[in-house]
Amino acid sequence: MSTTSTDAHTAGERSWRLALPSTMRLQEYTLVGVIVALLVAGTILKPDTFLTTDNVRAMLTQASVVGVLAIGMTFVIATSGIDLSVGSIVAAAGVAGGLVIDSGAWAFFLVCFGFALLLGTVNATAIAVGRVVPFIATLAMLAIARGLALQMSDKRPISLISSEPVRWFGTGEIIGQPVSIWIFLAVTVVGWILLNRTRYGRHVVSVGGNREAARIAGVPVRRTVFSVYCLSGLLAGLAAILLSGRLASASPVSGELLELDAIGATVIGGTSLAGGRATIVGTFMGVVVFAMIFNLLTQLDLATEWQQIVKGVIILAAVLIQRPERI
Amino acid sequence: MSKYLRLVALVVPMVLLAAACSDDDDGGGASSDTTEAADSGGGSGETVTIVASVPPTDHGWLGQIAVKAQEAADSHDDVEFRLLEAADADSQAAQIETVINEKPDVIVILPQDGDQLTPIAERAMEAGIPVVNVDRLFATPEAARATILGDNYAIGVNAATYLAEELDCQGNVVEIQGIAGISVTTDRSAGFSDTLTELCGDGIEIVAQQPGDFTADLGLEVMEAILQANDQIDAVYTHDDDMAEGVVAAIENAGREDEMILTGVGGSCAAFDRIEAGGLYAATYLYSPTMAGSAVNMARLIALGQGLSDLIEPEVPSRIVVPPTEVTADNVDDLRDLCFE
Amino acid sequence: MSTPALLEVRGLTKEYPGVRALAGVDLDVRHGEVHCLVGPNGAGKSTLIKCISGVVDPTEGTILLDGESIAGGSPSAAIGRGVATIYQELDLVADLSVTDNIFLGHEFRRRGLLDRARMRRETTELLRRVGHESIAPTTRVSDLRPAGQQVVSIARSLSHEVRLLIMDEPSAILDDSEIETLFDVVRRLTAEGVGVVYISHRLDEISRIGDRVTVLREGATVVSGLPASTPADELVTHMVGSSFEQLFPERAVGGGRVLLEVRGLQRLPDVKPASFELHAGEVLGIAGLVGAGRSELLRALYGVDRRDAGEVIIDGEALPAGRPDRAIAAGMGLAPEDRKSQALLLEWDLVKNVTLPDVARFQRGVIRVRAEREAVQTQLDALHTTPSDGSRRARELSGGNQQKVVLARWLLKECKVLLLDEPTRGVDVGAKAELFRIVTDLAREGLGVIVVSSEIEELRGLCTRILVMREGELVAELDAAEASELDVLRHAMPGTQQMVTSGASESDAPGKEA
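Residue numbers (the numbering used here), protein chains in the order written: chain R, 54 to 380; chain L, 2 to 342; chain C, 3 to 516.
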């Protein structure tokens, strides 16, 4: 949907649009405003350590795990669905990969992706074929995947410290920048193209916007719904690799509450929980805002209760400012 | 997320419990009024029923609590043992309520929250079932027949003493805490900061204090941000060995492992390995899950009416405090047997 | 003429940034009169009633109710003064019961709790007043058909004291017998002295129910207070400057090869086994009362609803059941009954709405957005859609223009068989004429078109043949050029209660008459 912002309009039209920007554009402006405000606040409060190359890099690195999940979440929410299980799938996929780490890094990557995709496919089957409400289906998977992670690992973290290729995802660099940032950016760009510039993306948003109309227009509704949960699972596998690389281990208790950050970032970005409106650019900014809040408040060594209050207030304010205008 | 998990975790044990109740007649009937003072070896012929109730064992230390308790129970032929996990304080209370109706000989409780579970423990005691309290203290002495616990405040004291000496009372210290708002965290933190002030005055500054919730992920993320904010960090005091793995990863990813030293708590074998290798990970403090095994042994002796073998008193003492043994490169080899995976 | 006016509107204007929605409207409504308000879409009718009912503040001008100024109030203040409005879009809560909807916001209470018994009694009474006591007060509104929901909406407005009742196209979703009931209600209210402002696109209703007529065009009053007996022709001339006969273009003749063959198509209980053929170049009408199974027949044919049995063969290719995507691939297109809930994504721009079934044709790796926009623009321009700017959101368009967007979709897809379900509902006279022309042109180019409509007049003017449905069954096939409205009605009405007196005893059996 964010494509409208790049569409050309006639000159007369443009002035009208500036006066009354559409909801989507207003939302993106709001987040830019929040980001600028956080940058200003950070620069004033922590002049030496906030707006530094190193810290920006650190923030983006931290954003990468949630970011990859949030891109997948954007597709799910666009269909008016939800995926609560991604945090647990991250843990389960990491542990599953960790079990085969002795066979080499490629086994780790393969199993990590494969297992995450498998769990995502179970979600997809329950929702698209079994017609279970997404909230319930993925809530069940949240429990199942966490249980599997604990069971498979015997409740112990699995060390991956000896696997250089896995570590590379946490510490390696490409052209001087961390690998995880590149992956996050790549997933964002591919996600944007997929959502805005392919038939598949149109189908995804149409299914969430008006399922009946989509069906009448010949959109394969069930197949589309099925696919977004697989996609979300697959990206959870990628997130598991990024997280394992940084932690140098696969822990069965990792990824807790990641789904809430992913959902939160997607929604403050402007994707509608009711479906039918989705923006990858907004999600990207939402993820960055979350990472900035976390980084700044931790740097300020604010007590944890204040961190939670500030984070909550910023989320609420962002969503209030950008709520759709009703005439 | 753990809330959702808890829902599930709450339902499953209840069902299991119900099943266990229905076909377990002898458990309720068996009494243990063994009056003869038996030898320390036991072997009275009676079966002792012990039920343990603990929080979810999905964390390294709590996981070992379950293992050590089970091992201790398995080492006795006359113990019938069951371990129950409860997701939160409410469901744990409900669970213990059910257990009371089964009338086991002894209940071992590691409460989610000592204060909240005190009433239910008192009820068990009033029903004539002795309670052995592990790790987190009940609010009143009447709630338990015997208590075995570590000393969280002392952990803070010891870590502060160690770091004060290593840093010569000069430098910047970071504290990565456990879950905010529970007594374990509060005590470990208070012992640390009280002692640092006492020993060094303003010499050592605690530049950051953030919760890592006992998990490696959050330990990693919090430490990454703290590393950005602070140019010079001389030591990190973490509240848990597992969480410390994430903190160590953050420090190593930033290439600053030579700048500081770090201490943990718990006694995981991974921590032992790092201490043995030398460098960043300087010390940890045993907060050994073996206390769960001791608790089961105490429970058995209470049921049998016996005392601890090397003590002269005929009964089990009402409180045992396990000191936080300091593990450093000097003694890590000697203590190797005590670490847990 | 000497009676003081109930409602007096003078020089009303309303300006939005860049748009002048009303440019000086005058209107007066007497006590106990039905005053009809007509005009093409975009003439300002909706804005006018929003001003009267307090939803928007006028920029200039006066609104007097019994001599008292009411401009610039709130909707609740207007209701308090006795102005009730029934909007075109029913604003009922689908999941609540009839009673709950009627008393929503002004529930009866007894000792702090809802007085359900009393509200149910009152509901029964209100429904009796509108002649629909057959609706149970506990029915969920979503279980009612649109016509039933309309009735509930009217009953709700009567739950307040009413001096002036504004009805925005109340008959649009009703069939003929229901319209008669509606008129009864209106007459009863006017007998009590209530003034009614009645908006309709169906000019034939004006002489049946109205006392006087006011015509709006481009935000201004063209003529006000004409007698209701004014010929429709003259009204149309006032509205659009063209006369009534010109509404219908020269009829499509049909007679091409068989494009679509339907054999024994059924979906019980709505659609009983139906067989017919559609030829290239033909416009086939399907008539019948609301609930006769016309829409259901189209939906089963297209595959939105899975058929129980039967065959659908398009250009020699048999279609699988329940697969709209396969129907589309074979060249079928459906413009459904309810554009807003079944055809369009209202928040999407026109371009995406048009290309939804066929966006793959613009995709070479990624969608080439410019080519897509240009192709859509060509279609929109050809159909004279206004606004024609493809980047506008579908929500911003009037009913007729939304219908054109749906048509553009299927024209772009180059479909062979077009299914139109109530294509002119909520469409003004001018746009109707345009739609008729487009449909006829398409048929002339060799498409086969099936039109379902409740307006018999429309089917007679537009179609080659008319099929009549009654209670799920195809009961007659008529030649549209020769059949009278009476012929069609005679077949459409259920056997026992023949409202049509003359000729009712004639052959009523299913069969071909043409």
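Cβ coordinates follow ideal geometry from the N, Cα and C atoms, glycine included.
The beta carbon of R110/R does not come within 9 Å of any beta carbon belonging to chain C, so the residue lies off that interface. For D170/C, the three-state secondary structure derived from DSSP is strand.
Partner residues in the beta bridge of G335/C, as assigned by DSSP, are L420/C. In this structure, DSSP gives C465/C a state outside helix and strand, which the three-state scheme calls coil. Considering only G133/C, S390/C, I104/C and A302/C, the residue with the shortest C-alpha distance to R120/C is I104/C.
Look at E260/L: its C-beta is not under 9 Å from any C-beta on chain R. Proximity of A356/R to chain L, defined by a Cβ-Cβ separation below 9 Å, is satisfied.
Between E226/R and chain C, the shortest Cβ-Cβ separation is not below 9 Å. Chain C places a beta carbon closer than 9 Å to that of S259/R, counting this residue as a contact. For R12/C, the uninterrupted beta strand (DSSP E) segment begins and ends at L9 to Y18.
Taken residue by residue, none of the region 440-459 of chain C has a beta-carbon sitting less than 7 Å from a beta-carbon on chain R. Taking one beta carbon from each stretch, the region 112-121 of chain R and the region 336-348 of chain R have 3 or more pairs nearer than 8 Å; the two touch. Using a 10 angstroms sphere on the CB of R209/R, the tally of other CB atoms reaches 16 or more, which defines it as buried.
In the DSSP assignment, S54/L falls within the unbroken beta strand (DSSP E) covering V49 to V55.
Distance from the CA of E319/C to the CA of A332/C, rounded to the nearest whole angstrom, comes to 7 Å. Residue nearest to L480/C within the set R462/C, A79/C and G474/C is R462/C (criterion: CA-CA distance). Within the same chain, Cβ atoms closer than 8 Å to the Cβ of T216/C are found at L29, H37, C38, L39, V40, T223, V225, S226, G227 and L228, the five residues on either side in sequence being excluded.
Interface residue (Cβ-Cβ distance to chain R less than 9 Å): V378/C is not classified as such.
A buried status is given to R214/C, since no fewer than 16 other beta-carbon atoms sit within 10 Å of its beta-carbon. Rounded to the nearest whole angstrom, the C-alpha separation of R255/R and P172/C is 36 Å.
For T192/C, the uninterrupted alpha helix (DSSP H) run begins and ends at D178 to A193, by DSSP. Looking only at G294/L, L168/L, G213/L and S194/L, the smallest Cα-Cα distance to S76/L is reached by G294/L. Taking the Cα positions, L129/C is about 6 Å away from A157/C. Looking only at P112/L, M244/L, S194/L and T48/L, the smallest Cα-Cα distance to L221/L is reached by M244/L. Sequence-distant partners of S231/C (beyond 5 residues in either direction) whose C-beta falls short of 7 Å from its own C-beta, in its chain, are S209. S343/C counts as exposed, since fewer than 16 other beta carbons sit within 10 angstroms of its beta carbon. Listed by position along chain C, the residues whose Cβ is nearer than 8 Å to that of T251/R are Q365, V368 and I369. For S289/L, the closest alpha carbon among the candidates V52/L, L63/L, V55/L and S54/L is that of L63/L.
Residues of the region 169-193 of chain R with a C-beta less than 7 Å from any C-beta of chain C: none at all. Cβ contact annotation for T58/L (same chain, cutoff 8 Å, sequence separation greater than five): G64, I66, A67 and E86, in chain order. Between T49/C and chain R, the shortest Cβ-Cβ separation is not below 9 Å. Take the alpha-carbon of P42/C and the one of V119/R: they are about 53 Å apart. Residue pairing from DSSP places H37/C in a beta bridge opposite V199/C and R214/C.
Secondary structure of G229/R (DSSP, three-state): coil. For the pair V237/L and V174/L, the CB atoms are nearer than the 9 Å cut-off.
Judged by DSSP in its simplified three-state form, P218/R adopts helix.
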